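Note sheet for the following structure.
Number of protein chains: 2
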Amino acid sequence: MDRIEHRACFGGWQHVYRHHAKSLDCETTFGVYLPPQAEQRSCPVLYWLSGLTCTEQNFITKAGAQRYAAEHGVILVAPDTSPRGAGVADAEGYDLGIGAGFYVDATQAPWSKHYRMFDYVSRELPDLIEAQFPATKARAISGHSMGGHGALVVALKNPGRYRSVSAFSPIVAPTQVPWGQKAFAAYLGEDREAWKAWDATALIASAPERLPLLVDQGEADEFLATQLQPQRLREACEAVGHPLELRMQPGYDHSYYFIASFIGDHIAHHAAALKA
Amino acid sequence: MDRIEHRACFGGWQHVYRHHAKSLDCETTFGVYLPPQAEQRSCPVLYWLSGLTCTEQNFITKAGAQRYAAEHGVILVAPDTSPRGAGVADAEGYDLGIGAGFYVDATQAPWSKHYRMFDYVSRELPDLIEAQFPATKARAISGHSMGGHGALVVALKNPGRYRSVSAFSPIVAPTQVPWGQKAFAAYLGEDREAWKAWDATALIASAPERLPLLVDQGEADEFLATQLQPQRLREACEAVGHPLELRMQPGYDHSYYFIASFIGDHIAHHAAALKA
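Chains as they are written, first to last, in the numbering used here: chain L, 55 to 330; chain A, 55 to 330.
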């Protein structure tokens, strides 16, 4: 594991590491923010999953999350959004292939060789973090857009593994919208029944754990009607009594200005659950 | 004046505008953050001058300053760092020409046609802001690196015009270090006496106004010894009793992680002066 960035930030350290990920069968990078409290004791961890086109850099440079992590004594871990590098399959367009891993384990060639972001973010990366950093096993997960989908699905598919989950502008029903349909057809094949195992609104019905969902969604989000459709999550939660706090935020768009404005609320929410 | 970005942020609005700047004789862009208070009343303004290679985007996306501006009811204005576009002179290297205006009014061809950033940031832009936005004439100024030099020089050369001034990692003595010497030789010519009118440590001696300086400097800054040399500012201030708070910050480098960590202190400092 090579440290490729190391920067003092709000009394702690923003690092970026590169390592060989077994699950992805390639080198990958992740950001890890160690708050000042981590110099004295182990701290709980919030995993952040980014959206289409992002690397670890978007969140660590634009969200302003380190301030709140330092206040609450929470480690922030931000992986990349897909495998990358020579030999990794890619496609035309920003919404399939590199930068667009969708946090699934692909079953279809040529994607299945490297595109195993679910395995990476839910198993290999936490194992690494808990072995190599002053991290407890108290975990929370959040993300934005494709990464909001990822956070919801990773939490729903791993009952007992996360203390809390939240999302910004998530793709709540990837099986029902163009971004998800394009990615799932490629990564998972044409059998739409198999897609449901990776769709938060489909997973809610039979979720063995009713972990409350905190979701922020901008009302001026340019992808609201076509790709995000948060009412589908509301309906799925209401149908089975799954706890959901869906906050529609007037005026806000899909950008990191939106995330920055509310990440403090999310980190406070996660910190309360992580310390409970 | 065309609005090219418009984003809800911390209850206010982060805008980016493009307009024709007379002083620069070209189109230019600037960021303006209007805090929520600006919907009800006019607010004071903090001008931010960025460093080498930057546009208005670096500060508005990476500093996390909007949160504090919203808390204190301060407008943030972030201009570009040089003229740009077809016909604007440029040079090899990141430290001269486009992205490197150094906040001087160039006197030498080919630079003198467009490189008039001092005039732009200290006159034309404030006039525009005060005419077009809900801004009072209470002004503060800050900046980073080349922009820290700019903030100090603009304040020192305009007594009575700013309520407060601060800087992050400023080039305090451009006449004494390679970045400044290269730029001043090009923009101002070979007469080194003329350079002193644009050097904060030289201006301090005869400053007609003893506006206190707040300066943060990272001790792990990769440019500390070669380009920044804050002890020169300390010596210049001590020689004439100019008030200076120079804070050396252990571990911090030259990046926006450093700025983000302390911009809250600076905005609180400016807000107190702007409201006094």
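Backbone N, C-alpha and C define an ideal beta-carbon position, used for all residues, glycine too. All of these numbers come straight from a predicted model, not from anything done at the bench.
| query | result |
| --- | --- |
| Please list, in chain order, all residues of the same chain as E263(A) whose beta carbon is under 7 Å from its beta carbon, the five residues on each side excluded. | P213 and G214 |
| Counting only beta-carbon atoms, is C63(A) nearer than 8 Å to chain L? | yes |
| Looking at the strands, I want to know which residues DSSP matches up with F113(A). | In DSSP, F113(A) forms no bridge with anything. |
| Taking C-beta pairs closer than 9 Å, name the residues in chain L that R121(A) reaches, listed in chain order. | G118, R121, A314, S315 and G318 |
| Taking a contact to mean a Cβ-Cβ separation below 8 Å, would you say C108(A) touches T82(A) in this structure? | no |
| Which chain A residues are close to S309(L), counting only those with a beta carbon under 7 Å from its beta carbon? | R61 |
| With 8 Å as the threshold, decide whether the Cβ of T115(A) is near any Cβ in chain L. | yes |
| Using the Cβ count rule (16 or more neighbours within 10 Å means buried), how would you classify I58(L)? | exposed |
| Strictly below 8 Å CB to CB, what residues from chain L border Q68(A)? | Y311 |
| Verify the CB distance criterion: does G305(A) have a CB-CB separation below 8 Å to chain L? | yes |
| What residues in the region 267-291 of chain L bring their beta carbon closer than 8 Å to a beta carbon of chain A? | G272 and A274 |
| I'd like the list of long-range same chain contacts for Y148(A), defined as Cβ closer than 8 Å, with 5 residues on each side in sequence excluded. | L106, T107 and A154 |
| I'd like to confirm the pairing. Which residues does DSSP put opposite D307(L) in its beta bridges? | Bridge partners of D307(L): none, in fact. |
| What is the rounded straight-line gap between the Cα of A240(L) and the Cα of Q283(L)? | 22 Å |
| Relative to the alpha-carbon of G318(A), which residue among C63(A), V128(A) and D56(A) has its alpha-carbon at the smallest distance? | V128(A) |
| Looking at C-alpha atoms only, which residue of H198(A), L267(A) and P232(A) is the closest neighbour of A209(A)? | L267(A) |
| Just reading off the beta strand (DSSP E) that D149(L) is part of, what are its end residues? | Neither: D149(L) is in no beta strand (DSSP E) and is coded neither H nor E. |
| Can you give the Cα-Cα distance for T255(A) and Q111(L), rounded to whole angstroms? | 37 Å |
| Rounded to the nearest angstrom, what separates D159(L) and L78(L) at their Cα positions? | 10 Å |
| If G197(L) and S104(L) are in contact, beta carbons under 8 Å, what's the gap, nearest whole angstrom? | 7 Å |
| The beta strand (DSSP E) with T190(A) in it runs from where to where? | A189 to G197 |
| Are there 16 or more other CB atoms within 10 angstroms of the CB of Q281(A), so buried, or fewer, so exposed? | buried |
| Evaluate V231(L) with the Cβ neighbour count: other Cβ atoms within 10 Å of its Cβ, from every protein chain shown; 16 or more gives buried, anything less gives exposed. | buried |
| If you run the structure through DSSP and keep just helix, strand and coil, what is I225(L)? | coil |
| Tell me V99(L)'s beta-bridge partners as DSSP assigns them. | I129(L) and R193(L) |
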